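Only one structure is covered here, and it is reproduced in the block below.
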Amino acid sequence: MTQSDSKIFVPILLPVLALLVLAACGRDEPTDADDAADVVEETVEAVEEPVPADEPADEAEAAVEVVEESATDAGEDGSDRILLARAETPPGDAGDYQYEEGTHYARLVPTQPTVGGADKIEVGEFFWYGCPHCFDLEPTINEWAADAPANVRFVRIPAMWNPLLKLHAQLYYTEEVLGKSGALKDPAAFHQEVFKEYHSKNNRLASEDAIRGLFERFGVSAEDFNKAWGSFEVAQKMRVAEDLARRYSISSVPTIVVNGKYRTGAAEAGSYPKLIEVIDELVDRESTR
Numbered sequence: 011m012t013q014s015d016s017k018i019f020v021p022i023l024l025p026v027l028a029l030l031v032l033a034a035c036g037r038d039e040p041t042d043a044d045d046a047a048d049v050v051e052e053t054v055e056a057v058e059e060p061v062p063a064d065e066p067a068d069e070a071e072a073a074v075e076v077v078e079e080s081a082t083d084a085g086e087d088g089s090d091r092i093l094l095a096r097a098e099t100p101p102g103d104a105g106d107y108q109y110e111e112g113t114h115y116a117r118l119v120p121t122q123p124t125v126g127g128a129d130k131i132e133v134g135e136f137f138w139y140g141c142p143h144c145f146d147l148e149p150t151i152n153e154w155a156a157d158a159p160a161n162v163r164f165v166r167i168p169a170m171w172n173p174l175l176k177l178h179a180q181l182y183y184t185e186e187v188l189g190k191s192g193a194l195k196d197p198a199a200f201h202q203e204v205f206k207e208y209h210s211k212n213n214r215l216a217s218e219d220a221i222r223g224l225f226e227r228f229g230v231s232a233e234d235f236n237k238a239w240g241s242f243e244v245a246q247k248m249r250v251a252e253d254l255a256r257r258y259s260i261s262s263v264p265t266i267v268v269n270g271k272y273r274t275g276a277a278e279a280g281s282y283p284k285l286i287e288v289i290d291e292l293v294d295r296e297s298t299r
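Per the numbering used here, the sequence shown runs over residues 11 to 299.
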C-alpha cells in the first residue's frame, strides 16, 4: 500500500471502527465458557438456542397467561402476566419525525405483548450483565429513565441464550423480588454493583454461591436469598422474559423495544445520545396516536 493509498484508507476505516464500538453483544459471542466451566454444571456454550416454543410446559410456564387488551399488571394471584400492547395505530405524518423505519428502528408486525398493561407506553431494554455495551449504556439509559414522561414505563428484560445468561437472569429477577419485599435495601445500587463485579472486578458470578455472596454483602440473609432464588415468582418472570425475546426476535443486547411495536439499538440509531432521541420519538408516536 502506497502512502497516498494509506491516506485514503484511514478516513474510510474510522467510521467502520466506530460502528464496531457501537455494535451490540450478539448471541453468537463467547460468554467466558472457560471461566464458568468449573462452577456451572455444564460448560457454557457460545451459542445455545432458546427453548423451543413446543417444549413441554412445566408448572411455572403454564402459569404465564397472555391477556389481550388488559390494563391489569398482575393476575389475581399477584403473578406477572404478559399483556398485549395497544392496538395498531395509523401512521402519522412522516415529516414530523426525524428517524426512519427500516433505518433507525424496525417495526414489529403484528404488535407483540408487553410486560405491563396498556395503561402506559412500555420501553423495554434487553440486556446482559456481562455485555460491555450494556454496561456502557447504563448511565445514559438511567438518566433517561429518571426523567421519562409519566405515561412511560421503563422495564429491563434479561437475555437468556445460554446457561450463564440464564443464571444472570435469575440473579436479576431475584434482585427485583428482594427489592420489592424490602430485603434488598438499595436495588439500584445493587444493580450497578453487579455490572462492576463482572466488568471491573473480574467476578463472573457464574455460580449460585457467588451470587448469594454478593447479596449477603448488601445485607440480604441467606434465608431470604434462598427463598427468592427458588421462588415461583422468579421462575415465572424468567419464562416471560424468554417468551418476549422470541416474540421480539432479540438477537443482541442492548436492544430497546417500545410498546411491543418498535425495536432499535445504538447501532441502528448511530450513537447512545441518538438512541435516546429515537426512543423519545417512538414514545411520541405512541403518545399522539
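Virtual Cβ for every residue (Gly too), placed ideally from N, Cα, C.
Every value quoted in this text rests on a predicted model; they were computed, and no experiment measured them.
query: R257 versus Q122: straight-line alpha-carbon distance, rounded; result: 7 Å
query: 6 Å Cβ shell around Y107 - same chain, five flanking residues per side excluded; result: E291
query: Cα-Cα separation, A277 to E233; result: 43 Å
query: V267 classed as buried or exposed, judged by whether at least 16 other C-beta atoms fall within 10 angstroms; result: buried
query: For W138, the nearest candidate out of R227, V119, L177, L188 (CA to CA); result: L177
query: S259 and G36 closer than 8 Å at C-beta; result: no
query: Under the three-state DSSP convention, the category T184 falls into; result: helix
query: M170 versus P264: straight-line alpha-carbon distance, rounded; result: 13 Å
query: C-beta contact flag for Y115 and T298 at 8 Å; result: no
query: Cutoff 7 Å; reference Y208; Cβ partners in own chain excluding five residues on either side; result: Y139, G140, R214, L215
query: Range of the contiguous alpha helix (DSSP H) that encloses P149; result: 142-156
query: Y258 (DSSP reduced to helix, strand or coil); result: helix
query: Where E296 sits in the DSSP three-state scheme; result: helix
query: Closer than 7 Å: K284 CB and nearest the ligand ATP heavy atom; result: You won't find the ligand ATP in this model; it holds no ligand whatsoever.
query: Chain-order list of residues whose beta-carbon lies under 7 Å from that of K271 (same chain, five-residue window excluded); result: A95, R117, L118, T121
query: Classification of E132 by the beta-carbon crowding that lies within 10 angstroms, buried from 16 upward; result: buried
query: Contact belief for P168 with Y182 at Cβ below 8 Å, rounded distance in angstroms; result: 5 Å
query: Distance between T150 and P283 (C-alpha atoms, nearest Å); result: 8 Å
query: In chain order, each beta strand (DSSP E) run of at least 3 residues that lies wholly inside the stretch 175-261; result: none
query: Beta-carbon proximity check, T184 vs V244, cutoff 8 Å; result: yes
query: Residue environment, E153, which counts as buried when at least 16 other CB atoms sit within 10 Å; result: exposed
query: Pairwise C-alpha distance: S217 and N269; result: 34 Å
query: Nearest-angstrom Cβ-Cβ length linking V288 and Y109, presumed shorter than 8 Å; result: 5 Å
query: Nearest candidate by alpha-carbon position, reference Q180, set A193, V162, K206, I221; result: I221
query: Cβ shell of V162 (< 7 Å), same chain only, five flanking positions each side left out; result: K130, I131, V133, V293
query: Rounded Cβ spacing between F164 and F205 (contact assumed at less than 8 Å); result: About 17 Å separates the two Cβ atoms, so there is no contact after all.
query: Element boundaries [beta strand (DSSP E), containing E135]; result: 131-137
query: Delimiting residues of the alpha helix (DSSP H) encompassing E278; result: 276-279
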